[in-house]
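Each residue of the sequence shown is one higher than the one before, counting from -16 in the numbering used here. Structure first, then comments.
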Amino acid sequence: MPDSIPAIGFGFWKVAREKAADIAYEAIAAGYRHLDCAADYGNEAEVGEGIARAIADGLVTREDLWITSKLWNTFHAPEHVEEGCRKSLADLGLDYLDLYLVHFPIALEYLPIDARYPPEWIHDPSASNPSMKRARVPLHRTWGAMEELVGKGLVRRIGVCNYNSGLLHDLMSYAQIGPYALQIEAHPYLVQPKLIRLARDYGLEVTAFSPLGALSYVELDMAGKSDSVLTEPVVQQAASAHGKSPAQIVLRWGVQRGTSIIPKTSKPERMRENLDLFDFELSADEMDAISALDQGRRFNDPGVFTEAAFGTFHPIYD
Ligand SMILES: NC(=O)c1ccc[n+]([C@@H]2O[C@H](COP(=O)([O-])OP(=O)(O)OC[C@H]3O[C@@H](n4cnc5c(N)ncnc54)[C@H](OP(=O)(O)O)[C@@H]3O)[C@@H](O)[C@H]2O)c1
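See the structure below:
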């Protein structure tokens, strides 16, 4: 049983529902043991199918796997946290999660599961001006209910995503059960050294999402192909020097700096490529040169996408 978060996991955001069962199965067959899921990805039932098939075929046991899921924004009220968690468990076909994360420090008005699931961001898509509807739920109350999930055995560990250092200090001031992990956007254009250092000082594991940078955001028109870090000369040079692909250099940088990473791909050959990071090491100079690409460039920024896509200006980092 993994007793700490595996260095490389597989991310399921934007994995098409009709392909998610096969992709989950193939990812496990390729060697992934950490699957990064979320209610909001809309594919947990299918991921669960793939997990069940992999277990039934004898590829792995449940205990070999590390399954992460995330509490959606509309389930922040303490009376809805367990409901959100149980829905993810039921969809994934599991009786416990290895890690359950608060997806965003954003509380939205509750929507019953049978009204719409996943509830996404907009409260009423049929309204004349569709928008988000904020809920007055303090994060400490959500955390208290997350702690109860641990007590009930539904989740082994709890943590948070998309918290900045101020929210992390605050969380550490009231947590009875400390967060196991902080999951944040991190790649060579958004290195986040202070936040990662602080999380480590508090004893948290740090997981980097979107570890390949812009690539995930091109299909959403939130980045252009020219924003890719893979074409940076230092990345290309390291790739030639080590006989690896530019993606492997960027992912290796993530692992070597001590963050776990959760790259997503829908291509089986890339699944193997993204796992194959342990037969080489970047030199200190290469690590420094890649870190020096930092532009503080965030692609997943609610201060931008909530207004553009959901009719509501809701920054959290500014
Ligand atoms: N907590 C949060 O708020 C949050 C936010 C965002 C993401 N996440 C999690 O983090 C995971 C990873 O982040 P992400 O999906 O945004 O981005 P990512 O894994 O950094 O990048 C995925 C993109 O890179 C491409 N790609 C994958 N491997 C490649 C390779 N070896 N060479 C070239 N291109 C490659 C993929 O295309 P193909 O599919 O065509 O291969 C896809 O377009 C998500 O799936 C999700 O689980 C969490």
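Yeah, the Cβ is synthetic: ideal placement off N, Cα and C, and Gly gets one too. Values in this document were obtained by computation on a predicted structure and should not be read as measured data.
Subject >> Span of the alpha helix (DSSP H) around Leu151 >> reply: 148 to 157
Subject >> Nonlocal neighbours in the same chain, by C-beta distance under 7 Å from Val218, ignoring five residues either side >> reply: Val212, Pro229, Ile232, Val233, Ile273
Subject >> Any non-hydrogen atom of ligand 1 within 7 Å of Arg140 CB >> reply: no
Subject >> Start-to-end residues for the alpha helix (DSSP H) that takes in Lys53 >> reply: Counting along the chain, Lys53 falls outside any alpha helix (DSSP H), though it belongs to the beta strand (DSSP E) covering 49 to 54.
**OP:** Note the first and the last residue of the continuous alpha helix (DSSP H) segment covering Ile179.
**Re:** 176 to 184
**OP:** State yes or no: is the C-beta of Arg307 within less than 8 Å of the C-beta of Glu29?
**Re:** In the structure as shown, the chain starts at -16 and stops at 301, and residue 307 therefore has no counterpart that could be examined.
**OP:** Pull up the distance between the alpha-carbon of Trp236 and that of Gly294, whole angstroms please.
**Re:** 37 Å
**OP:** Note down the Cα distance separating Leu150 from Arg36, rounded to an integer number of angstroms.
**Re:** 39 Å
Subject >> Rounded separation between Pro8 and Leu80 - CA only >> reply: In the sequence on display, residue 8 carries Tyr and not Pro. Computed Cα separation, rounded: 18 Å.
Subject >> Residues bridged to Glu92 (per DSSP) >> reply: The partner list for Glu92 (beta bridge, DSSP) is empty, contrary to what the question assumes.
Original post:
So, are the CB atoms of Gly286 and Tyr300 less than 8 Å apart?
Top reply: yes
Subject >> Beta-ladder partner(s) of Gly(-8), from DSSP >> reply: His17
Subject >> Cβ shell of Ile(-9) (< 8 Å), same chain only, five flanking positions each side left out >> reply: Tyr15, His17, Leu234, Val238, Ser243, Ile244, Ile245, Pro246, Asn257, Leu258, Leu260
Original post:
When the distance is taken between beta carbons, is Asp23 closer than 8 Å to Phe(-5)?
Top reply: no
**OP:** Answer yes or no: do Leu48 and Leu137 have a C-beta to C-beta separation smaller than 8 Å?
**Re:** no
Subject >> Lys116 beta carbon near ligand 1 (any heavy atom closer than 7 Å) >> reply: no
**OP:** Answer yes or no: do His349 and Gly207 have a C-beta to C-beta separation smaller than 8 Å?
**Re:** The shown model of the chain, from -16 to 301, leaves out residue 349, and the question about it has no answer.
**OP:** Please state whether DSSP places Ala164 in a helix, a strand or coil.
**Re:** strand
Original post:
Name the DSSP bridge partner or partners of Cys144?
Top reply: Gln166
Subject >> Own chain residues within Cβ distance below 6 Å of Lys53, not counting five before or after >> reply: Ala21, Leu84, His86
Original post:
Which residues bound the alpha helix (DSSP H) around Thr289?
Top reply: 285 to 293
Original post:
Measuring CA to CA, which of Glu269, Phe(-7), Glu27 is closest to Ala12?
Top reply: Phe(-7)
Subject >> Contact with chain B by Ile96, beta-carbon distance below 8 Å >> reply: Reference to chain B is not applicable here, since this structure consists of a single protein chain.
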